[in-house]
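Residue numbers (this note's numbering): 45 to 201. Using N, Cα and C, we set each Cβ at its ideal position, and we do this for glycine too. Since we're looking at a predicted model, the values are computed, not measured.
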């Protein structure tokens with residue numbers, strides 16, 4: 045039994061040595077989180093408090109640079125790239141209301157949802173890029189929903 049325990053401790057020590065260590069890609073003393081890799085693997089969208097409130101930033105993997113994408117008075121969260129890499133959706137809390145917003149390659153900002161009595165969270169693109177699925181919270185509770193980003197038609201699931 046003693047031989048077994050010694051062998052086990054040697055094996056565990058060897059396993060710890062070969063573990064990969066996380067390599068930080070952002071090192072500022074602020075919140076950096078909610079990372080989403082772009083479909084082409086070149087960028088990471090993430091949320092940072094570097095400029096004060098939570099805003100969406102883009103990290104260029106090749107250049108190792110970070111650039112702010114949103115500049116508003118709200119709190120932006122949950123970024124997600126479209127499958128074709130052309131658009132990014134996120135939720136934003138502005139004036140007490142959380143809605144979904146869309147940014148395309150030309151930096152045109154479009155508001156996808158505007159509901160006075162509900163908040164929208166955690167948007168994610170469908171694989172075909174036609175729909176954005178999200179969570180909506182209203183007086184009835186929490187619901188899964190989807191919106192067609194081309195004509196802004198909402199559907200509760």
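Where does the unbroken beta strand (DSSP E) through residue 89 begin, and where does it stop?
-> For the purposes of this step, residue 89 is taken as residue 45 along the chain shown, with counting starting at 1. 87 to 92 is the extent of the beta strand (DSSP E) around residue 89.
Compare the C-alpha of residue 68 against each of 105, 100 and 82 and name the closest.
-> Working through the chain shown from its first residue, we reach residue 68 at position 24. For the residues 105, 100 and 82, the minimum Cα distance to residue 68 belongs to 105.
Can you name the start and end residues of the beta strand (DSSP E) that residue 187 belongs to?
-> Against the chain shown, residue 187 aligns to sequence position 143. Residue 187 -> beta strand (DSSP E) spans 185 to 192.
Closest by C-alpha distance to residue 138, when choosing among 147, 64, 164 and 113 = To locate residue 138, count along the chain shown from 1; it is residue 94. Looking at the Cα atoms, 164 is the closest of the given residues.
Find the nearest neighbour of residue 124 within the set 142, 154 and 83, judged by alpha-carbon distance.
-> Here residue 124 is taken as the residue at index 80 of the chain shown, counted from 1. Residue 124 has its Cα closest to that of 83, out of 142, 154 and 83.
Mind checking whether residue 114 and residue 91 have CB atoms under 7 Å apart?
-> Mapped onto the chain shown, residue 114 falls at position 70. Mapped onto the chain shown, residue 91 falls at position 47. No, the pair does not count as a contact, with Cβ atoms beyond the cut-off.
Residue 128 versus 96, 173 and 94, residue with shortest Cα-Cα distance = In the chain shown, residue 128 corresponds to position 84, counting from 1. When each option's Cα is compared against that of residue 128, the closest is 173.
With a Cβ-Cβ cutoff of 7 Å, do residue 166 and residue 193 count as a contact?
-> Within the chain shown, residue 166 is the residue found at index 122, counting from 1. Within the chain shown, residue 193 is the residue found at index 149, counting from 1. No, the Cβ-Cβ distance between residue 166 and residue 193 is not below 7 Å.
If we count the other Cβ atoms within 10 Å of its Cβ and call it buried at 16 or more, is residue 189 buried or exposed?
-> Taking the chain shown and counting its residues from 1, one reaches residue 189 at position 145. Buried.
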